[in-house]
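Below you'll find the structure, written out as structure tokens, and then a few comments.
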Amino acid sequence: MARLFGLIGNRADLAARVLASESEALSVRSTGVPLGWGVGFYQGGEVLMRRRPIDEHATIDVAQLAGDVRADVLVGHVRHATVGGLRTENTHPFRYRQWLFAQTGTLPAYASIRERLLGSVPAFLRSSIRGDSDAEVLFYVFLSFLHDAGRLNDGLSDPAHVRDALSSCVAVVDGMADEVGGPSSKVNVVVSNGEHMFAIHRGMQMGYRILEGRADAENILGDDLALRRKTPELDQMHFVVLASDFDDEWSIAASSPTGQSRWTVVPDRSVVTLARGKAPHVESL
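Right, dumping it as structure tokens:
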């Protein structure tokens, strides 16, 4: 009942159309449990967010909710709360300066390791934690590793430093959980600094879809001739949509009636790096 996704591309004017083209994959149907949702995006040099901790609609269609967003990088999340109340402060994505972060899955043995995790975060970062979710704490552990590497305020940081920080924060959680008899982490994470997007896959199924070139552009524009006239250089369009935590109503394997899915499955225990105009880079954790 949760969903995690990110979008990165080179045409801010087409982002909403791209999301709408994958609305079936990004929608979440409620089963009587309150859901919340949030989107964070980069627009005109600003980091903007929309978050709603409780939404009583039967289906949360984030593509529709973000239909007026004009941005080329976006992080979205539909929340089925497990740790932390239904408050805005616990609603993903979380933000610190230029960083956006969202997670699905619950940290193992969290009640037993929470104080140690918080203790590993420098005081100046810890003071910015507003909610009581495990995901926000993991975000600040990640930021701590960036700080240790001197990359916290570097929006153009080498992607390798970000991947190292993500791997390290999950390793710390696993190490602490193991000490109290807990299992390894089964979480999915998406984080962005506005220039790149990164994802860790250690939870429910994750995949990505590439939309590029004139054929895909014309497909998402449909019969809107007025928009086509306002949208030159369709040949250069390039977007990657990444998403995870699919339920029984939609799966990557069944997303095409021909059996040839437009989506690519991300292998378990992988880290994904996305950049504008480039194919996803996937490597093992």
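For the sequence shown, numbering that gives the first Met the number 0 assigns the number 0 to the initial residue and increments by one for each residue that follows. C-beta: ideal position from N, C-alpha, C; glycine also. All values derive from a computational prediction rather than experimental measurement.
Tell whether a beta-carbon distance below 8 angstroms holds between residue i and residue j.
i, j, result
"residue 213", "residue 234", "yes"
"residue 245", "residue 204", "yes"
"residue 32", "residue 0", "yes"
"residue 35", "residue 104", "no"
"residue 206", "residue 265", "yes"
"residue 140", "residue 165", "no"
"residue 59", "residue 77", "yes"
Please report the straight-line C-alpha distance between residue i and residue j, rounded to a whole angstrom.
i, j, result
"residue 12", "residue 114", "44 angstroms"
"residue 187", "residue 221", "33 angstroms"
"residue 29", "residue 149", "42 angstroms"
"residue 257", "residue 18", "For residue 257, the predicted structure reports a pLDDT of 47, less than 50, and the residue's modelled location is therefore unreliable. The matter cannot be settled from this model."
"residue 215", "residue 242", "19 angstroms"
"residue 218", "residue 240", "16 angstroms"
"residue 152", "residue 48", "20 angstroms"
"residue 87", "residue 177", "31 angstroms"
"residue 110", "residue 268", "24 angstroms"
From the DSSP secondary-structure annotation, give me the bridge partner or partners of residue i.
i, result
"residue 310", "The structure shown does not extend to residue 310, since the chain is modelled only from 0 to 284, so the question has no answer here."
"residue 242", "4 and 206"
"residue 282", "270"
"residue 264", "206"
Residue i and residue j look like a contact to me (Cβ under 8 angstroms); what is the Cβ gap, rounded to whole Å?
i, j, result
"residue 249", "residue 23", "6 angstroms"
"residue 8", "residue 74", "Actually they do not touch by this definition, with Cβ atoms about 13 angstroms apart."
"residue 270", "residue 197", "7 angstroms"
"residue 303", "residue 135", "There is no way to answer for residue 303, as the model of the chain reaches only from 0 to 284."
"residue 99", "residue 137", "14 angstroms between Cβ atoms; not a contact."
Got a sec: does the ligand PLP put a non-hydrogen atom nearer than 7 angstroms to the Cβ of residue i?
i, result
"residue 20", "The ligand PLP is not among the ligands present in this structure, which contains no ligands whatsoever."
3 or more residues per run - each beta strand (DSSP E) lying fully within the stretch 19-80
If one requires a minimum length of 3 residues, the beta strand (DSSP E) runs lying completely within the stretch 19-80 are 34-42, 45-54 and 72-78, in chain order.
Start-end ranges of the alpha helix (DSSP H) lying completely within the stretch 88-154, minimum 4 residues:
Listed in chain order, the alpha helix (DSSP H) runs fully inside the stretch 88-154 are 109-118, 122-125 and 133-147, counting runs of at least 4 residues.
My parser needs the alpha helix (DSSP H) runs of 4 or more residues fully inside the stretch 154-181; what are they?
158-178
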